[in-house]
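Using this note's numbering, you'd call the opening residue of the sequence shown number 22 and step up by one each time. Just so it is clear, CB atoms sit at the ideal spot from N, CA and C, and this is done for glycine as well.
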Amino acid sequence: MATNDAYPFSEESPHTSQLFGIMGKLHLLFLAALVMFPQLLLAQWNATIGAQSDDLGKQALAFLPNEIWIHAGESITWTMAANEAHTVTFLTSGQIRPPFTVECAGFSEPSASFDGSNCVTSGLLFQGDKFTVAFPVAGNFKLVCLVHSDMTGSIHVLAPSQSLPHDQAFYDREAQRESADLLRAEVTEVTNHHHLENAVIAGHGDTVATGGGSESFSVMRFSDPGITVQAGDTIEWTNDDPTTAHTITFGPEPQDLVDPSSNVTIDADGARHGVLSSPSDAVHSGFIEAAPQDRTGLAQTSPGVTRFRVTFSKPGTYPYICSLHDVLGMKGSVVVLP
Ligand SMILES: [Cu+2]
């Protein structure tokens, strides 16, 4: 509703002309700053990392979107949108992929500059964290997350004379579309398709590709979180996820999450096996995960240890967690009847 009475500057008072004078000077200062620092005109791009369902059980392990075209001299700010931790990492060509705990020297978080000559990596990023990378020279650069092996992207840095194919609004829509696609997986998809008695799926996932790289989703849930068996029965947990590790942990969380506890034995088929005779007993599977993807030029790996079995000799209720994803709600319990 804009009537003359309501419009504050309809009659110019000495006060408002003073105000316009100050604004005019600020405007000139701003133009002068642009002439002196032309990079202020360069675009600042935004992308998100990760997406999740409301119950945190479904995690999109992805840069959203995972392919962006920018001009040399511009920067991209990534914002974390999930509880599962990720890194923003640019390695140099030929560099051996380090663990996420290894840092690249020469910059201070939360911003960095990458021209292909020195690696750049954020530390572990959590929900709401931001990390900005400037790209001073033209080139095509691969973006990776050091926590998740099938989470990659591409940044195409073009000379300022080249035109860019997309604007920020396109990337925002693309991020929405990719995250919706990844999160479409239902937790009910984590079903016992092995049709074995006393079998639980411990995590399910899939990897998809775009022109920019790969992205995956993980359902961080046990398929039958309240399974009931009889004393003497054995339950088998299988991790169906192509890249994400899980654990089956009864009792307190051990210091070493990777290796199984000392009371775990190996079955003839390679599956790990524990025996519990009281709900106060502890046993830890260690990482249950698929073998890494094969690639020419790399040493052959052993088959993955994707199964953990526990034999319950006494009745009772046995709560357990995935020690990696219990914060996302990946928990269960076994009821053993006499
Ligand atoms: Cu897990």
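Between the region 266-283 and the region 297-312, the count of C-beta pairs closer than 8 Å reaches three or more; the two stretches touch. Distances from the CA of residue 301 to each of 293, 267, 339, 331 were compared; the closest alpha carbon is that of 339.
Close to ligand 1, as judged by a C-beta nearer than 6 Å to any of its heavy atoms, are the residues 224, 241, 267, 343, 345, 346, 351, in chain order.
Shortest Cα-Cα distance from residue 72 to any of 234, 86, 179 involves 86. Between residue 88 and residue 231, the CB-CB gap stays under 8 Å. Only residues of its own chain outside the window of five on either side were considered, and among them 140, 141, 142 have a CB closer than 6 Å to the CB of residue 125, listed in chain order.
In the three-state scheme derived from DSSP, where H, G and I count as helix and E and B as strand, residue 348 is classed as helix. In chain order, 100, 101 place their CB closer than 8 Å to the CB of residue 149, counting only its own chain and leaving out the 5 sequence neighbours on each side. In the structure shown, residue 321 falls within a coil segment according to DSSP collapsed to helix, strand and coil.
As the crow flies, the alpha-carbon of residue 127 is around 20 Å from that of residue 93. DSSP places residue 118 outside any alpha helix (DSSP H), giving it a letter other than H or E. Non-local beta-carbon contacts of residue 239 in its own chain, meaning distances under 7 Å to residues more than five positions away in sequence, involve 80, 82, 224, 226, 262, 265 in chain order. Where residue 200 is concerned, the enclosing alpha helix (DSSP H) starts and stops at 189-204. The three-state secondary structure of residue 177, taken from DSSP, is strand.
Within the model, the alpha-carbon separation for residue 172 versus residue 343 is close to 22 Å. Annotation: residue 258 to residue 334 spans about 17 Å, alpha carbon to alpha carbon.
Per the coordinates, the alpha-carbon of residue 218 lies some 46 Å from the alpha-carbon of residue 151. Straight through space, the alpha carbons of residue 235 and residue 328 are spaced by roughly 26 Å.
Looking at the backbone, the Cα of residue 180 and that of residue 159 are separated by about 6 Å.
Between residue 330 and residue 256, the CB-CB gap stays under 8 Å. Going by beta carbons, residue 131 and residue 153 fall inside the 8 Å limit.
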